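Remarks on the structure that follows.
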Amino acid sequence: VTAPDPTDIDFPIECGPVKALVVKKASGDLDGDGRPETVAVVHCDAPMGTPPDGVYVLTQAADAKTPRVVATLVDPKDRITVKTLTVSDATVAADMVGYSSDSVPSCCPDVNTSAKWQWKDGAFVRSTPAGAHSV
Numbered sequence: 073v074t075a076p077d078p079t080d081i082d083f084p085i086e087c088g089p090v091k092a093l094v095v096k097k098a099s100g101d102l103d104g105d106g107r108p109e110t111v112a113v114v115h116c117d118a119p120m121g122t123p124p125d126g127v128y129v130l131t132q133a134a135d136a137k138t139p140r141v142v143a144t145l146v147d148p149k150d151r152i153t154v155k156t157l158t159v160s161d162a163t164v165a166a167d168m169v170g171y172s173s174d175s176v177p178s179c180c181p182d183v184n185t186s187a188k189w190q191w192k193d194g195a196f197v198r199s200t201p202a203g204a205h206s207v
């Protein structure tokens, strides 16, 4: 069984005249159903600057023609940039940078964060590993 392809998905991200771009992806069986899900990091294909990322989980039913977004792990409104993304042992892990407040210029993220998500009781639950810190 192949993992869902994020190429032609309509992600829930507002990009105006530019298109949404998948910049990272990882796959694995996150919910234990024997079918792989794909986790995609997506941002608007902005001509300059560092557009914020969204992180989305895609699934595809055996009889479905196209995958669908079933969860948003990181909302682009949170002004996060994902540095690394992995899927292993039914866990999504990401290292991210962001901002401590709206007054921090977008050139210069000042918070480093690591997070993990696991499927529990019908939803993705976020945990932050011990030792996570700001810079």
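Going by the numbering used here, the first residue of the sequence shown is number 73, and it counts up by one from there. By construction, the Cβ of each residue, glycine as well, lies at the ideal position given by its N, Cα and C atoms. Note that the structure is predicted; figures quoted are calculated from it, not measured.
(1) Using three-state DSSP, classify residue 149 as helix, strand or coil.
(2) Restricting to Cα atoms, I'd like to know which of 135, 128, 143 and 190 is closest to residue 97.
(3) Measure the alpha-carbon distance for residue 175 versus residue 152 and round it to whole angstroms.
(4) Would you identify the three-state DSSP class for residue 102, choosing helix, strand or coil?
(5) Of the choices 102, 173, 82 and 120, whose alpha-carbon is the least far from that of residue 114?
(6) For the putative contact between residue 100 and residue 186, defined by C-beta atoms under 8 angstroms, what is the C-beta separation to the nearest angstrom?
For this structure:
(1) In the structure shown, residue 149 sits in a helix (DSSP, three-state: H, G or I).
(2) Its Cα nearest to that of residue 97, the residue 128 stands out among 135, 128, 143 and 190.
(3) Their Cα atoms are separated by approximately 15 angstroms.
(4) The answer is coil: DSSP assigns residue 102 none of H, G, I, E or B.
(5) Closest by alpha carbon: 82.
(6) The C-beta separation of residue 100 from residue 186 comes to about 18 angstroms, leaving the pair out of contact by the 8 angstroms criterion.
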